[in-house]
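Please read the structure below before turning to the comments.
Protein chains: 2
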Amino acid sequence: MPELPEIYRLSEQMNNELAGKTIKGVQVLQEKCLNMPAESFIKILSNKRIENATSRGKWIVIKLEPDYRLFLSLGMGGNVILHENGQALPDKYQLRIDFHDGRILTVGFWWFGYAHAVSEKDLGSHKMTAKLGLTPIREAGFSLEHFLGLLKGRKGSVKNFLLNQGYIAGIGNVYVQDILFRARMHPGRKLQTLTDEDKSLLYSSIMETLGEAVKLGGLAYEKDLYDRPGGFKDFLVGYREGQPCPECGATVEKIKTGGTASYICPNCQGTEDPVDY
Amino acid sequence: MPELPEIYRLSEQMNNELAGKTIKGVQVLQEKCLNMPAESFIKILSNKRIENATSRGKWIVIKLEPDYRLFLSLGMGGNVILHENGQALPDKYQLRIDFHDGRILTVGFWWFGYAHAVSEKDLGSHKMTAKLGLTPIREAGFSLEHFLGLLKGRKGSVKNFLLNQGYIAGIGNVYVQDILFRARMHPGRKLQTLTDEDKSLLYSSIMETLGEAVKLGGLAYEKDLYDRPGGFKDFLVGYREGQPCPECGATVEKIKTGGTASYICPNCQGTEDPVDY
DNA sequence: GCATCAAACAAAGA
DNA sequence: CTCTTTGTTTGATG
């Protein structure tokens, strides 16, 4: 489950290593992760020069000259690894891209991922990326003002809001746990009950949680372009079921919130709302 | 997504089979589809004699003697099946009603459905059924005059009007497609732009589309009380994206109209209004 | 009061 | 650990 920090790191590394390089060949081992037949996909990528690599939310975006973008999503988990000339490849991967300098990029995911090639003129109709919100940390436009605007008149629970990629791109069920804890909010807290102070606090929680994770290079159990782990491993409450809350010592609980699991301190986050999931 | 024709057929079959029968026992497998605790629900239904079964819009209405009604809604899809003595039951269902003659009724839905028991004196406060409009075909009161009265002074799009159960009960996102095509109207067409002729045409389209579907026993992919499919499968434009319009041969398009999808012939229905969804 | 919009709801399938 | 799709109802907002 790579989220914003992991994808950010990968895209930065890819930009450093691959900008200016030209694709020599492409091998597709799982056609259904594409948005077109493998043949067309290979034809589009082959001999294209990479202009740059960046990210939007949980998507890696690779600009191919002159007018295509390659969107990569690792779905619920996976990796993108750059292999030096002669270095062994992983046992399993879905996509392999060879460069003229002999280096090889492999893209693998263990459940569902996508590799979509989209022309500039079709960007608007690429459903999965056309309507993404801004990416915190990465895009300066994600300001407190912007955030308050997003919340205006919005209903539903704060957790569903944070996970909705159309509002904010890049938060998944991992980082959302600590964001909510930092803001001392129950995941089921209704947006309409948030005070201005709550909203500012939530904004800072997002920026701090993601900012720190980006600085640390993402999660310790996710790998970067060089197959090295990140440095973020000390969750506040996320995935710490049964362990003490770092703030008050109460036991962290795992609860079901709609379709997803949530980890909360029932003391610090539990008093807010009469919402029973 | 059973709509008027499917629900009509089911209620007729239930009336034929179950009127006069007495409920022996009730099993609730999903309490949240009820409007009360399972215990109360079971107590109300048990040993009640069924007076008759009928339908209103998308609701099956079962009258229990002396003063209760059981309302069933199948939500986005489901089935009501009557099992003869000893016949195997489905793998999954939410509600099971046993009769003294050994037959068993199972009610199952794959998303959200309701089984609400309401006393005669509380009918007015049962929000989901209290303010339903008339049911075309089933209720003779749904005349051209009545229909014109409904439209008087009303604003908004013709599709939203047709789907509003408070005006007309029983039309959903399936049948509305062909009703609009038959009337040669774009779903976003504003009611205020309709001429008298348009309104009559729309009325006939409703009566013809639903009338034919009722005659054919509803949709071919929905099952009746005996687990048999209906005979309606030849949509004019509904769910025929990419196929030729039966009238002019133009390619049927799938478009977003507010929250729902619409299937239209851009040639036959597209010229009417400058409404862009 | 009415039209519009967004959200919730469950589960499967990618 | 993901995201989309599906149809209906409801509750907030203008």
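Same order as they appear, the protein sequences are chains W and B. Note that our numbering has the first sequence beginning at 379, numbered continuously upward. Note that our numbering has the second sequence beginning at 379, numbered continuously upward. Glycine included, C-beta positions come from ideal geometry on N, C-alpha and C.
Local conformation of H494(W) per DSSP, three classes: The residue you call residue 494(W) lines up with position 116 of the first sequence. When DSSP states are grouped into helix, strand and coil, H494(W) belongs to the strand group.
Considering F477(W), what are the terminal residues of the beta strand (DSSP E) in which it resides? What you label residue 477(W) is simply residue 99 of the first sequence in a count that begins at 1. That run of the beta strand (DSSP E) goes 473-477.
Report yes if the C-beta of G550(B) is less than 7 Å from at least one heavy atom of the ligand MG; otherwise report no. The ligand MG is not part of this structure, which contains no ligands at all.
Please look up how many angstroms separate the CB atoms of I642(B) and F539(B), rounded, as I've assumed it's under 8 Å. Residue 642(B) sits at position 264 when you count from the first residue of the second sequence. Residue 539(B) sits at position 161 when you count from the first residue of the second sequence. Contact between I642(B) and F539(B) is ruled out by a C-beta separation of about 16 Å, above the 8 Å threshold.
Residue interval of the beta strand (DSSP E) (run including S451(W)): Residue numbering aside, residue 451(W) sits at position 73 when the first sequence is read from its first letter. For S451(W), the uninterrupted beta strand (DSSP E) segment begins and ends at 446-451.
Mark M454(B) as exposed unless 16 or more other C-beta atoms lie within 10 angstroms of its C-beta, in which case mark it buried. Against the second sequence, residue 454(B) aligns to sequence position 76. The residue in question, M454(B), is exposed, as its Cβ has fewer than 16 Cβ neighbours within 10 Å.
I need the straight-line Cα distance from I385(B) to Y545(B), nearest angstrom please. Taking the second sequence and counting its residues from 1, the one referred to as residue 385(B) is at position 7. Taking the second sequence and counting its residues from 1, the one referred to as residue 545(B) is at position 167. Taking the straight line from one Cα to the other gives about 18 Å.
Close-in-space but distant-in-sequence residues of the same chain around G368(W) (CB under 7 Å, 5 per side omitted): Because chain W is modelled from 379 through 655, residue 368(W) falls outside the range shown and cannot be assessed.
Rounded C-alpha distance that separates M563(B) from V485(W): Along the second sequence, read from residue 1 onward, the residue named residue 563(B) stands at position 185. Along the first sequence, read from residue 1 onward, the residue named residue 485(W) stands at position 107. Each residue's alpha carbon lies about 48 Å from the other.
Using C-beta distances below 8 Å, list every residue in its chain close to Q621(B), excluding the 5 sequence neighbours before and after it, in chain order. Residue mapping note: residue 621(B) aligns to position 243 of the second sequence, counting from 1. Only T629, V630 meet the Cβ criterion.
Quick check on L501(B): does DSSP put it in helix, strand or coil? As a working mapping, residue 501(B) is identified with position 123 in the second sequence. Annotated three-state conformation of L501(B) is helix, per DSSP.
Three-state class that DSSP yields for E650(W) in the structure shown: Reading the first sequence from its first residue, position 272 is the one you call residue 650(W). Low confidence applies to E650(W): its pLDDT is 47, below 50, so where it sits in the model is not reliable, and the reading given next is rough at best. Three-state result, E650(W): coil.
Just the Cα atoms here: how many angstroms apart are L529(B) and M379(B)? Indexing the second sequence from 1 puts residue 529(B) at position 151. Indexing the second sequence from 1 puts residue 379(B) at position 1. If you take the alpha carbons of L529(B) and M379(B), they lie about 26 Å apart.
Go to I459(B), then tell me how far its beta strand (DSSP E) extends in each direction, as first and last residue. Counted from its first residue, the second sequence places residue 459(B) at position 81. 456-461 is the extent of the beta strand (DSSP E) around I459(B).
Inspect the beta-carbon positions of H461(B) and L452(B) and report whether they are closer than 8 Å. As a first step, residue 461(B) must be located in the second sequence, where it is residue number 83. As a first step, residue 452(B) must be located in the second sequence, where it is residue number 74. With a cutoff of 8 Å on beta-carbon distance, H461(B) and L452(B) are scored as not near each other.
For K533(B) versus Q570(B), is the C-beta spacing smaller than 8 Å? Residue numbering aside, residue 533(B) sits at position 155 when the second sequence is read from its first letter. Residue numbering aside, residue 570(B) sits at position 192 when the second sequence is read from its first letter. The beta carbons of K533(B) and Q570(B) sit closer together than 8 Å.
Going by the beta-carbon positions, is the gap between M392(B) and A495(B) smaller than 8 Å? Locating residue 392(B) in the second sequence gives position 14, counting from the first residue. Locating residue 495(B) in the second sequence gives position 117, counting from the first residue. Not closer than 8 Å, so no.
Expected contact under 8 Å - CB spacing of Y714(W) and T507(W) to nearest Å: An answer regarding residue 714(W) cannot be provided, because it is not within the stretch 379 to 655 covered by chain W.
Cα separation between L448(W) and A493(W)? For the purposes of this step, residue 448(W) is taken as residue 70 along the first sequence, with counting starting at 1. For the purposes of this step, residue 493(W) is taken as residue 115 along the first sequence, with counting starting at 1. About 7 Å.
Name the two residues that bound the continuous beta strand (DSSP E) containing R560(W). For the purposes of this step, residue 560(W) is taken as the residue at position 182 of the first sequence. It is not in any beta strand (DSSP E) - R560(W) instead sits in the alpha helix (DSSP H) that spans 553-560.
Complete beta strand (DSSP E) runs within the stretch 603-652 of chain W (minimum length 3 residues, chain order): Listed in chain order, the beta strand (DSSP E) runs fully inside the stretch 603-652 of chain W are 631-635, 638-642, counting runs of at least 3 residues.
On the DSSP bridge assignment, give the partners of L512(B) in chain order. Translated into the one-based positions of the second sequence, residue 512(B) becomes position 134. In the DSSP assignment, L512(B) is bridged to I546(B).
Option in R618(W), S535(W), P644(W) with minimal Cα separation from G636(W): Here residue 636(W) refers to the residue found at position 258 of the first sequence. It is S535(W).
Length of the line joining the Cα atoms of L614(W) and L580(W): For the purposes of this step, residue 614(W) is identified with residue 236 of the first sequence, where counting begins at 1. For the purposes of this step, residue 580(W) is identified with residue 202 of the first sequence, where counting begins at 1. If you draw a straight line from the Cα of L614(W) to the Cα of L580(W), it comes to about 16 Å.
Work out the CA separation of P565(B) and T638(B) for me, nearest whole Å. What you label residue 638(B) is simply residue 260 of the second sequence in a count that begins at 1. What you label residue 565(B) is simply residue 187 of the second sequence in a count that begins at 1. Distance between the alpha carbons of T638(B) and P565(B) is about 10 Å.
Please list, in chain order, all residues of the same chain as G491(W) whose beta carbon is under 6 Å from its beta carbon, the five residues on each side excluded. For the purposes of this step, residue 491(W) is identified with residue 113 of the first sequence, where counting begins at 1. Within the same chain, G491(W) has close Cβ partners C411, S451, L452, G453, G456.
C-beta contact flag for G589(B) and G435(B) at 8 Å: Locating residue 589(B) in the second sequence gives position 211, where the first residue counts as 1. Locating residue 435(B) in the second sequence gives position 57, where the first residue counts as 1. Not closer than 8 Å, so no.
Distance, Cα to Cα, M585(W) vs S521(W)? Residue mapping note: residue 585(W) aligns to position 207 of the first sequence, counting from 1. Residue mapping note: residue 521(W) aligns to position 143 of the first sequence, counting from 1. For M585(W) and S521(W), the distance between alpha carbons rounds to 10 Å.
Environment of P652(B) [buried if 16+ CB atoms lie within 10 Å]: Residue mapping note: residue 652(B) aligns to position 274 of the second sequence, counting from 1. Only weak support exists for where P652(B) lies, its pLDDT of 45 falling under 50; the coordinates are left without a value.
Taking the beta carbon of K505(W) as the centre, do at least 16 other beta carbons fall within 10 Å, making it buried, or is it exposed? The sequence position of residue 505(W) within the first sequence is 127, counting from 1. Residue burial is scored here from C-beta neighbours: K505(W) has fewer than 16 other C-beta atoms within 10 angstroms and is therefore classed as exposed.
Quick one: what's N430(W) bridged to in DSSP? For the purposes of this step, residue 430(W) is identified with residue 52 of the first sequence, where counting begins at 1. In DSSP, N430(W) forms a bridge with K441(W).
Tell me where the beta strand (DSSP E) around L483(W) begins and ends. As a position in the first sequence, residue 483(W) is number 105, starting the count at 1. Residues 482-487.
Using CA atoms only, rank isn't needed, just tell me which of R481(B), A598(B), T432(B), Q543(B) is closest to G464(B). The sequence position of residue 464(B) within the second sequence is 86, counting from 1. It is R481(B).
Straight-line gap, V439(W) to K421(W) (C-alpha atoms, nearest Å): Reading the first sequence from its first residue, position 61 is the one you call residue 439(W). Reading the first sequence from its first residue, position 43 is the one you call residue 421(W). V439(W) and K421(W): Cα-Cα distance of roughly 19 Å.
What do you get for R516(B), buried or exposed, if any count of 16 or more other CB atoms within 10 angstroms of its CB means buried? Residue mapping note: residue 516(B) aligns to position 138 of the second sequence, counting from 1. With 16 or more other Cβ atoms within 10 Å, it is buried.
Tell me the residue span of the beta strand (DSSP E) that contains G595(B). Translated into the one-based positions of the second sequence, residue 595(B) becomes position 217. Segment: none, G595(B) is in no beta strand (DSSP E) and carries neither H nor E.
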